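Here the structure is laid out as structure tokens; the discussion comes afterwards.
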Amino acid sequence: MALLGGCADNGTPQCAVGADCASGMCRADGSCVPLDDDAGPGPVDAGEGTDASAPGDGGVEPMNDGGADVDGGGLCAPNHDGTITASEIPLRAGLRATFRVATDVTFDTAGEDLGGGRRRWDLTGPFPGDESQLVETRDPAGAWYADDFPGASYVTELSVESDLLGVFAVEADSLDLLGVVSPEEGFTETHLENDPAVPALQFPLALGDSWETTTSVSGLASGVGSFYTETYESEVDRAGELVTSFGTFEVLRIRTELTRTVGLAVTTVVTFAFVAECFGTVAQMRGQDYDTDQELGELAELRRLVP
332 MALLGGCADN GTPQCAVGAD CASGMCRADG SCVPLDDDAG PGPVDAGEGT
382 DASAPGDGGV EPMNDGGADV DGGGLCAPNH DGTITASEIP LRAGLRATFR
432 VATDVTFDTA GEDLGGGRRR WDLTGPFPGD ESQLVETRDP AGAWYADDFP
482 GASYVTELSV ESDLLGVFAV EADSLDLLGV VSPEEGFTET HLENDPAVPA
532 LQFPLALGDS WETTTSVSGL ASGVGSFYTE TYESEVDRAG ELVTSFGTFE
582 VLRIRTELTR TVGLAVTTVV TFAFVAECFG TVAQMRGQDY DTDQELGELA
632 ELRRLVP
């Protein structure tokens, strides 16, 4: 297949946004990522996931569906129809990508108004405290917790601040968070299960879609018996373009508000996931605890795909 990337001979940029390219991906240098470039990331998140080290009460953090796949293989050409189906996102074990992650940063999640209901989020950075994190989706077969999650498709790290793993199942119309575990078993192990499983992504995704799940979380959190409830309210609330040093992506934004109830203590956390065809979640933002405004200005964590 002929390469579609590269700048024109006269040095004029080929693209300004992902929609200018057949691959849907515009690099920071103004060249299109070619259709046969295996640079598409795989699953990354729709929020955050059950995490025993979550801020506030030792419960669960909001949901992260995985990582991006810089070597995932397979040909995918975005059709920019405003809808993202399960077949347009790689969801499986064996994917990996690098994200740049910053914590406790200031960023206006509203982005820039492009008109026509579209927004633009520029995450090129740098942001204070930036560090790189390799995110991988790993096969849980043979792991100490594998028998307790027979339907699991992959596990992946949920946060740069913790080594806990989210356990995910790929279903026909959703990506479900089954629970959260520690990499190793022992006296301080974490083994939490969601009943029912929580859809991190629910397909097809289109602007205005929403879903809600209340789940009971039970098991061990750092070796301590735990039982609490969580309610996830998710909405595809924005569409537009997101810019990172990797390129410019046409995205749908999913806003998820998590309410965690542990006894009489209630914690709320808002996350935003930016999902692109062929890539999955290319950026994610987590707000500070108890900040439930529709748009946020102070973030606990910001991550975005980088080369």
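Residue numbers (this note's numbering): 332 to 638.
For glycine and all other residues, C-beta sits at the position ideal for the given N, C-alpha and C.
Model, not experiment: these values are computed from the prediction.
(1) Name, in chain order, the residues that DSSP records as bridge partners for P530.
(2) Compare the C-alpha of Y563 against each of L495, E543, H522, R451 and name the closest.
(3) Going by the beta-carbon positions, is the gap between L583 and L633 smaller than 9 Å?
(4) Could you check the C-alpha separation between P638 and P457 for me, to the nearest Å?
(5) Output yes or no for whether 9 Å exceeds the beta carbon distance between L454 and T587.
(6) When the cut-off is 9 Å and only beta carbons count, does S418 lie next to chain B?
(7) Just to confirm, are D435 and A631 a CB contact at a threshold of 9 Å?
(8) Which residues mark the beginning and the end of the beta strand (DSSP E) in which V582 is found?
(9) Considering only their Cβ atoms, is the gap separating D461 from A503 smaller than 9 Å?
(10) Kindly list the residues whose CB is nearer than 8 Å to the CB of T623, restricted to its own chain and excluding five residues on each side of it in sequence; keep chain order.
(11) With 16 other CB atoms within 10 Å as the buried threshold, where does Q625 fall?
(12) Alpha carbon to alpha carbon, how far is T521 from L495?
(13) With respect to 8 Å, is the separation between the Cβ of S513 and the closest non-hydrogen atom of the ligand PLP below this value?
(14) Secondary structure at S463, three-state DSSP: helix, strand or coil?
(15) With H, G and I counted as helix, E and B as strand and the rest as coil, what does DSSP make of F470?
(16) Helix, strand or coil: which one does DSSP assign to D444?
(17) Between which two residues does the beta strand (DSSP E) containing D435 stretch?
(18) Take G550 and list the residues in its own chain whose beta-carbon comes closer than 6 Å to its own, dropping the five residues that flank it on each side.
(19) Look at the alpha carbon of D439 and the alpha carbon of F605, and state the distance between them as a whole number of angstroms.
(20) Identify the continuous beta strand (DSSP E) that holds R634 and give its terminal residues.
(21) Quick one: residues in its chain with C-beta nearer than 7 Å to the C-beta of P459, no 5 flanking neighbours on either side, listed in chain order?
(22) How should G442 be labelled, buried or exposed, when 16 other C-beta atoms within 10 angstroms of its C-beta is the threshold for buried?
(23) Please classify F610: is it buried, with 16 or more other beta-carbons within 10 angstroms of its beta-carbon, or exposed?
(24) Just checking, does the region 511-520 make contact with the region 528-535 on the three C-beta pairs under 8 Å criterion?
(25) Tell me the rounded alpha-carbon separation between A424 and V466.
Let me spell this out:
(1) Along the sequence shown, one-based indexing puts residue 530 at 199. DSSP lists D507 as partners of P530.
(2) Here the question's residue 563 lines up with position 232 in the sequence shown. Cα-wise, what sits closest to Y563 is E543.
(3) Position 252 of the sequence shown, counted from the first residue, corresponds to residue 583. Position 302 of the sequence shown, counted from the first residue, corresponds to residue 633. No. Outside cutoff.
(4) Counting from one through the sequence shown, the residue named residue 638 turns up at place 307. Counting from one through the sequence shown, the residue named residue 457 turns up at place 126. Using only the alpha carbons, I get a separation of about 14 Å.
(5) For the purposes of this step, residue 454 is identified with residue 123 of the sequence shown, where counting begins at 1. For the purposes of this step, residue 587 is identified with residue 256 of the sequence shown, where counting begins at 1. The answer is no: Cβ separation not under 9 Å.
(6) No chain B appears in the structure shown, which is made up of a single protein chain.
(7) Position 104 of the sequence shown, counted from the first residue, corresponds to residue 435. Position 300 of the sequence shown, counted from the first residue, corresponds to residue 631. Yes; because the gap between Cβ atoms is below 9 Å, this pair is in contact.
(8) Looking up residue 582 in the sequence shown gives position 251. Per DSSP, V582 belongs to the beta strand (DSSP E) from 579-593.
(9) Numbered from 1 along the sequence shown, position 172 holds the residue referred to as residue 503. Numbered from 1 along the sequence shown, position 130 holds the residue referred to as residue 461. No, the Cβ-Cβ distance between A503 and D461 is not below 9 Å.
(10) The residue you call residue 623 lines up with position 292 of the sequence shown. Excluding positions up to five away in sequence, the list reads E588, T599, V601.
(11) Counting from 1 along the sequence shown, the entry for residue 625 is found at position 294. By the neighbour-count rule (16 or more Cβ atoms within 10 Å), Q625 is not buried but exposed.
(12) As a working note, residue 521 is residue 190 in the sequence shown. As a working note, residue 495 is residue 164 in the sequence shown. Taking the straight line joining both Cα atoms gives about 8 Å.
(13) Among the ligands in the structure shown, none appear at all, so the ligand PLP cannot be discussed.
(14) As a first step, residue 463 must be located in the sequence shown, where it is residue number 132. For S463, the secondary structure class from DSSP, reduced to helix, strand or coil, is strand.
(15) Numbered from its first residue, the sequence shown carries residue 470 at position 139. Checking the sequence, you will find Asp at residue 470 rather than Phe. Note: D470 maps to coil in three-state DSSP.
(16) As a first step, residue 444 is located in the sequence shown; it is residue number 113 there, counting from the start. Strand, per DSSP.
(17) Your numbering for residue 435 matches position 104 in the sequence shown. Counting along the chain, the beta strand (DSSP E) containing D435 begins and ends at 427-437.
(18) Mapped onto the sequence shown, residue 550 falls at position 219. So the list reads H522, L523, E524, once near-sequence residues are dropped.
(19) What you label residue 439 is simply residue 108 of the sequence shown in a count that begins at 1. What you label residue 605 is simply residue 274 of the sequence shown in a count that begins at 1. Computed Cα separation, rounded: 15 Å.
(20) On the sequence shown, residue 634 is found 303 positions in, with the first residue counted as 1. R634 -> beta strand (DSSP E) spans 629-637.
(21) For this step, residue 459 is matched to residue 128 along the sequence shown. Here the set comprises A433, V436.
(22) Locating residue 442 in the sequence shown gives position 111, where the first residue counts as 1. Buried: at least 16 other Cβ atoms inside 10 Å.
(23) Against the sequence shown, residue 610 aligns to sequence position 279. Its Cβ being crowded by 16 or more others within 10 Å, F610 is buried.
(24) no
(25) Translated into the one-based positions of the sequence shown, residue 424 becomes position 93. Translated into the one-based positions of the sequence shown, residue 466 becomes position 135. Spanning the two alpha carbons is a distance of roughly 12 Å.
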